[in-house]
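Each remark here refers to the structure printed beneath this line.
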Amino acid sequence: MMIGLHLGGFALIVFLDLCRATDVTVTVSSTASHAIPTTLWGLTFEASNDVNHVRFNSGDGGLYGELLKNRAFQKVTPNTPEALDGWHSIGGAGLTVIADTTPVSPSLPNSLQVTFPSGKILPVGFGNEGYFGGIKVDTTATYSVSFFYRFPTASSFRGNAVVGMQTSTGLSLGSTTVAISGAQTTWLQVIATFRQVQAPFNNNNFFSITLDGTAAAGQTVNFAMLSLAPPLTFGNAAVRVDIGAVLTELQPGFLRFPGGKNLGNSIADRWQWNATVGALVNRPGRMGSYGYVNTDGLGLFELLTICEDLGAKPIMAVYSGLSLDGEAVPEADILPYIQQAIDQINFAIGPTTTVQGAQRATLGHSAPFALNWVEIGNEDFMSSDTYLARWQDFVTILSQKFPQLRFIASSNVNNPILAPDPTHWDVHMFQTPSWFAQNSMYYDGFQRNGTMYLEGEYAATTSNDGGSGPAPLTFPTVESALGEAAFMTGIERNSDIVFGAAYSPLLNNVGSSQQSPSLIGFDIDSVYRSTSFYVQKLFSTNRPVSYVPSTIPDPNGSVFWSVGTTANPAHLFKVVNIGNTPVNVTFVLPFTVASGTITVLTGSPTVSNSPSSPSAVVPVATTTTLAATRSWVYVAPPFSLSIMRV
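What follows is the structure, given as structure tokens:
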């Protein structure tokens, strides 16, 4: 008997006798082979420098919710126009970033010096355009603002500063007043809130601080460490609320950080955990690896907190003595860097009897964070010869200090041969869609000897070769996402040795990218879910408890699959068709299917979800009742990922 059912225009299930021939036959085992780790699908975030923006990055101006650009004048050259990036004069005020003779803190040596000219009757001061050339204003929302000020020379001035938001035409959208005194020659922090009372016309708005032009004539005031917090944030780490919500959709099992190239452009400019924690006024920031300043407002404590907010396990990297400029710390000089790693780990998990654990407690988190994995460096295959000694020195000492932790090597697997023998490796892959599909068996031949693997960064970054070579992608396409999906079925099959995998880069400001594609795009007021995002979400939210062996796919074929069980109990089938024709897939089962749901992601291979068409390709779900059978045919649509829960 044959029963056909059309599902949302995408899928067809046919039940029939075992003797009928089909394109592919998949025999499913009656016994699960291994548990699938809860960490299998996760995220990689390269700290406050997740690769993508020419002038700012997906931490500052992206994931990190701070609204003011260049808020503390970190790592800029005083007395240059470039030092004023993001700031502008209002009413003729003179603005200069200076190396303050009495800085607000040793970490922040620069301040904004504002001179108020004579002959002005309108408000005079300065404004900040935010990270996008404008600030999105939420009507009726309350904003929190803080800044430090001082008069370099005492004066008799007493007045009120108007602090708030304006449109590009000068219309006030909401403000408050704070008292300013010329007698204040030492730094004073002002903290205030103001409410938006006027709806903006668009996003061309800016933050402003002004004084009465007549009253302030002739005055000079220095400002430092200004901050404007949005009305809503995600979780407890000042994360932009809409980006945080989209990350939550992925239900990530882990977050790898600070990750990637952000560990250090040079030894001097390396990411140092202790410079990223505590009060913002004590964070110097650093020149990041992609040509712009990292404020480090999204520091180690915030990243660990984000893990808790997302329900993700932290995978924390430590600087291993290698920087992007190729310079490696000589072995004779390595001990201070190992000590810094010890201190970083103690900040995360040390008891409060340690200096770093006590510091964590002062920030409101006396309990240790749930850290199990520490990665030694990043992509140390760039200097494999020096990694031999650096790995040995780091792991030998860190293992003695923290025997409960698992340490991850970041060089090529077994090339060179490291000692002590790594129990965990981090593997990175950036290839074409067809490469990922054809290498879905990549881990099949690896020894089962207790060694575990993290697919810490992977993505199909180009199209397939159409005759003139692979073309770089601006956004993930259906073709690239399905190549990744085919590879991910192999990750599930090998999840007895692969404990985690993450697409990279994670975030991208769509207005100005340095590396593409990325999993999630964003701009001033929107977040864009790519085709690869939906593949990641479908795998992560449909992660089986156990993997069930089945017929192995043909690596040169067009169809790939994975089978698992859930706690319900239920079975999960993932089927990927990277070809341009439907394929009949016969599942021969050791049990009877009765009902289930099917979710399909499909589209033309070159289609992307972009700002102009953000929902061009989205999953479609259908619930269906199935005829009782132990054999059924699923017609996998062309260019599709199908998730079947029965």
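Read in order, the letters of the sequence shown are residues -21 to -1, 1 to 625 in mature numbering (1 follows the signal peptide of the UniProt record, and there is no 0).
A virtual CB, placed ideally from N, CA and C, is assigned to each residue, including glycine.
Looking only at its own chain, which residues have a Cβ that is under 6 Å from the Cβ of residue i, when we skip the five neighbours before and after it?
i, result
"residue 208", "123"
"residue 147", "183"
"residue 521", "551, 622"
"residue 365", "307"
"residue 117", "210"
"residue 602", "576"
"residue 549", "624"
"residue 594", "none"
"residue 176", "153"
So the candidates are the options; which of them puts its Cα closest to the Cα of residue i?
i, options, result
"residue 388", "381, 367, 147", "367"
"residue 351", "283, 289, 373, 393", "283"
"residue 178", "194, 120, 132", "120"
"residue 302", "157, 357, 269", "357"
"residue 285", "219, 529, 446", "219"
"residue 507", "59, 264, 597, 157", "597"
"residue 187", "249, 181, 67", "67"
"residue 626", "195, 21, 116, 125", "What the structure shows of the chain is the stretch from -21 to 625, and residue 626 is not part of that stretch, so it cannot be assessed."
"residue 444", "523, 499, 585, 577", "585"
"residue 11", "482, 472, 590", "472"
"residue 376", "399, 393, 392", "399"
"residue 201", "17, 582, 616, 92", "92"
"residue 225", "512, 543, 523, 541", "512"
"residue 553", "466, 427, 100, 595", "466"
"residue 304", "328, 274, 229, 248", "248"
"residue 135", "452, 159, 170, 155", "159"
"residue 100", "108, 189, 566", "189"
"residue 275", "523, 560, 38, 531", "38"
"residue 477", "517, 495, 424", "424"
"residue 374", "297, 21, 569, 361", "297"
"residue 436", "342, 494, 480, 196", "480"
Looking at residue j and residue i, is the spacing between their C-beta atoms short of 7 Å?
i, j, result
"residue 56", "residue 73", "no"
"residue 51", "residue 87", "yes"
"residue 599", "residue 579", "yes"
"residue 409", "residue 440", "yes"
"residue 161", "residue 130", "yes"
"residue 537", "residue 557", "yes"
"residue 395", "residue 363", "yes"
"residue 462", "residue 412", "yes"
"residue 359", "residue 390", "yes"
"residue 250", "residue 243", "yes"
"residue 49", "residue 70", "no"
"residue 560", "residue 618", "no"
"residue 231", "residue 291", "yes"
In angstroms with no decimal places, state the Cα-to-Cα distance between residue i and residue j.
i, j, result
"residue 45", "residue 206", "7 Å"
"residue 111", "residue 501", "11 Å"
"residue 172", "residue 380", "46 Å"
"residue 642", "residue 266", "Any property of residue 642 remains undetermined from this structure, which presents the chain solely from -21 to 625."
"residue 34", "residue 4", "Note that residue 34 scores 34 on pLDDT, short of 50, meaning its location in the model is unreliable and no value can be drawn from it."
"residue 277", "residue 323", "15 Å"
"residue 222", "residue 137", "42 Å"
"residue 317", "residue 355", "10 Å"
"residue 564", "residue 576", "17 Å"
"residue 464", "residue 457", "10 Å"
"residue 194", "residue 216", "40 Å"
"residue 229", "residue 590", "20 Å"
"residue 454", "residue 611", "36 Å"
"residue 404", "residue 427", "14 Å"
"residue 32", "residue 487", "At residue 32, the pLDDT of 39 sits below 50, so the modelled position is not reliable and the matter cannot be decided from this model."
"residue 384", "residue 19", "18 Å"
"residue 294", "residue 234", "6 Å"
"residue 414", "residue 574", "35 Å"
"residue 514", "residue 422", "20 Å"
Given residue i, which residues of its chain have a CB within under 8 Å of its CB, disregarding the five upstream and five downstream residues?
i, result
"residue 331", "337, 339, 340, 345"
"residue 164", "129, 130, 131, 132, 133"
"residue 567", "-4, 4, 5, 6, 7, 609, 610"
"residue 545", "523, 524, 551, 624"
"residue 180", "146"
Ignore the nearest five residues each way along the sequence and tell me which others in residue i's own chain have a CB closer than 7 Å to its CB.
i, result
"residue 420", "469, 534"
"residue 630", "Nothing can be reported for residue 630: it is not among the residues displayed for the chain, which extend from -21 to 625."
"residue 547", "none"
"residue 246", "302, 306, 308"
Counting contacts by CB-CB distance shorter than 7 Å, is residue i in contact with chain D?
i, result
"residue 513", "Of the protein chains in the structure, only one exists, and it is not chain D."
- Message: Which runs of the alpha helix (DSSP H) at least 4 residues long sit entirely within the stretch 75 to 153? Give them in chain order.
- Response: none
- Go through the stretch 468 to 507 residue by residue and report every complete run of the beta strand (DSSP E) that reaches 3 residues or more, in order. 477 to 482, 486 to 488, 499 to 501
- Query: Which ranges would you report for the alpha helix (DSSP H) in the stretch 238 to 314 if only whole runs of at least 4 residues count?
  - Reply: 279 to 289
- Message: Threshold first: 3 residues or longer. Then list the beta strand (DSSP E) segments lying entirely within the stretch 373 to 415, N to C.
- Response: Here the runs fully enclosed are 385 to 388, 403 to 410.
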